[in-house]
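Sequential numbering from 30 applies to the sequence shown in the working numbering.
Cβ coordinates follow ideal geometry from the N, Cα and C atoms, glycine included.
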Amino acid sequence: MKREISSHSQRNSEQFEQIHEFCKPLILSDDQLRRVMQEMHNKMEKGLSDEPGVKSCLKMLPSFVRAIPNGTEKGDYLALDLGGTNFRVLLIRLSGKEAEISGKIYGVPDAVMKGTGTLLFDHIAECLANFMEENDLKGANKLPLGFTFSFPVSQGNLTSGILMHWSKGFSASGVEGKDVVEFLRDACNRRKDIDIDIAALLNDTVGTLMACAFKENTCQIGVILGTGTNACYMEKLSNCPKFKKFKFYEDKYPKEMIINMEWGAFGDDGCLDFIRTSYDSQVDEHTINPGFHLFEKMISGMYMGELVRYVLATLAKEKLIFGGDYDSISQPHCFPTKYVSEIEAEKGNDSLYQKTMQILEDIGVDHVTVQDCEIVTYVCSVISTRAAHLTAAGITCLLNRLQKPYVTVGIDGSLFRFHPNFARIMDQKIDQLLPKNLEYQLMLSEDGSGRGAALVAAVATRIKRESREIRKNE
Numbered sequence: 030m031k032r033e034i035s036s037h038s039q040r041n042s043e044q045f046e047q048i049h050e051f052c053k054p055l056i057l058s059d060d061q062l063r064r065v066m067q068e069m070h071n072k073m074e075k076g077l078s079d080e081p082g083v084k085s086c087l088k089m090l091p092s093f094v095r096a097i098p099n100g101t102e103k104g105d106y107l108a109l110d111l112g113g114t115n116f117r118v119l120l121i122r123l124s125g126k127e128a129e130i131s132g133k134i135y136g137v138p139d140a141v142m143k144g145t146g147t148l149l150f151d152h153i154a155e156c157l158a159n160f161m162e163e164n165d166l167k168g169a170n171k172l173p174l175g176f177t178f179s180f181p182v183s184q185g186n187l188t189s190g191i192l193m194h195w196s197k198g199f200s201a202s203g204v205e206g207k208d209v210v211e212f213l214r215d216a217c218n219r220r221k222d223i224d225i226d227i228a229a230l231l232n233d234t235v236g237t238l239m240a241c242a243f244k245e246n247t248c249q250i251g252v253i254l255g256t257g258t259n260a261c262y263m264e265k266l267s268n269c270p271k272f273k274k275f276k277f278y279e280d281k282y283p284k285e286m287i288i289n290m291e292w293g294a295f296g297d298d299g300c301l302d303f304i305r306t307s308y309d310s311q312v313d314e315h316t317i318n319p320g321f322h323l324f325e326k327m328i329s330g331m332y333m334g335e336l337v338r339y340v341l342a343t344l345a346k347e348k349l350i351f352g353g354d355y356d357s358i359s360q361p362h363c364f365p366t367k368y369v370s371e372i373e374a375e376k377g378n379d380s381l382y383q384k385t386m387q388i389l390e391d392i393g394v395d396h397v398t399v400q401d402c403e404i405v406t407y408v409c410s411v412i413s414t415r416a417a418h419l420t421a422a423g424i425t426c427l428l429n430r431l432q433k434p435y436v437t438v439g440i441d442g443s444l445f446r447f448h449p450n451f452a453r454i455m456d457q458k459i460d461q462l463l464p465k466n467l468e469y470q471l472m473l474s475e476d477g478s479g480r481g482a483a484l485v486a487a488v489a490t491r492i493k494r495e496s497r498e499i500r501k502n503e
């Protein structure tokens, strides 16, 4: 995709040719994207294999969520969403296809984030009790609760998860290597004034799929496109040899499960080196986890601004932009991803790069020209387009795997919501890559980590009941 930039003189045209050469490795052909899809397919197969010694950069983790909502779920369900300095408690009242939702946000003080695990979960239980009191739920018996816990956990079933390590500023002691559901259950039991049943532990990607499936029962894929990126999808258990140990074939639940791919780590084994550029290597080198989460670093909001900055710094050093002044653009993290969105939003309107000029001046670039603004806009569009195309390749790979005539893809995250062109570019590319006999729609998923968690609890409660009834009638 070579975007023409208006140029008047021969010198300008040569300059733009040079700029295009520097950006060329970031522009992916359909053949390259098809190879990305093939690599992803291979790593998914390896990630689901039970062959000894077979490793994959895609973890393909079981979520233990075995069904999507079918409209018969009824009653009150709680959701607890912990993933940062705030956490939320929600109440969802379900009656068929209708959902009435209320919720409240609570803070996690710094001393609690960094104190003991008991202190942290006692604080959560206290806020939960406060919420239940405010909503007249104190007398409720065994109220089912879905717990979205957005930290790396290893799950052995739907209602337990071992915290592998804290992130996002949390360091509560005594929790790593332990079951976080036990911590929550114990904290609630210590209080004696609330009676809840923790029906499910999940991550936000699974919640995204479930929240979307509540509205559209064709939803089989959930994707997060925000600060980070991840995907999950509904897989037949017959395609998952490595889950044999769980003996799912013996139970009375549906023979499928949502698989959490952890696709941010795709490429960590070198399988994407054929499209990685020097700019990607520079971004990666300066992160807290060099060599890890390489797919995420080419796509997500946390890194997009830095990628643009490295390209602009390279062009400035080559005297192709900013009159060769590269001091200001060389400051790490001076070009956040929100600038990319703001600059792209200006493209094509008549403001003559007012916003772009303002941004560059704020960074400290002196004497910005209209031509500089054209180049910056071009670089932003190249980086955003590549991210959208790589995501499209991932989603197309999943649609190909499902082989269903019509699938809804539930998507959430700031990049999908707020970037002015990302969703459209991604949609167009899926359309080009996907066989014509398969149809799909992309759908903004509302509040996967809140509403989605309560829905997982509701579905878990329903299929447990149905399975009991099947056993009774046998």
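L149, buried or exposed, once every other Cβ within 10 Å from all chains shown has been counted against 16:
buried
Assuming A186 is part of the beta strand (DSSP E), what are its boundary residues?
The displayed chain sequence assigns Asn, not Ala, to residue 186. Element bounds for N186: V182 to N186.
On the three-state DSSP scale, how would you describe G255?
coil
Opposing strand residues paired with I250 [DSSP bridges]
Y262 and V438
State buried or exposed for M193, treating a residue as buried only when at least 16 other CB atoms are found within 10 Å of its CB.
That one is exposed.
Check E335 in the structure and name its three-state DSSP category.
helix
Nonlocal neighbours in the same chain, by C-beta distance under 7 Å from I350, ignoring five residues either side
Cβ neighbours of I350 beyond the five flanking positions: L341, L344, D401 and I404.
With R117 and K133 assumed to form a contact (beta carbons below 8 Å), what rounded beta-carbon distance in angstroms separates them?
7 Å
Of the choices T385, S357 and S413, whose alpha-carbon is the least far from that of D395?
S357
Kindly indicate which residue of A229, A489, G203 and S329 has the alpha-carbon position closest to the one of G257.
S329
For T145, the residue or residues it bridges with in DSSP
S202
Of the listed residues D354, P449 and S310, nearest to E371 (C-alpha basis)
P449
Does the separation of the CB atoms of K284 and K265 fall below 8 Å?
yes
Select from D60, D165 and E102 the residue whose C-alpha is nearest the C-alpha of A483.
Check the Cα spacing between A483 and each of D60, D165 and E102: the tightest is with E102.
Where does the unbroken beta strand (DSSP E) through Q470 begin, and where does it stop?
Element bounds for Q470: E468 to L473.
Applying the 10 Å Cβ sphere with the 16-neighbour rule, what's the burial state of Y278?
exposed
Could you check whether the stretch 468-488 touches the stretch 83-97, counting it as contact only if at least three pairs of C-beta atoms, one from each stretch, sit closer than 8 Å?
yes
Within the chosen definition, does the stretch 439-459 reach the stretch 215-225 through at least 3 CB pairs nearer than 8 Å?
no
L419 versus G136, L120 and F324, residue with shortest Cα-Cα distance
F324
Buried or exposed for L381, going by 16 or more other Cβ atoms inside 10 Å?
Answer is exposed; the Cβ neighbour count stays below 16.
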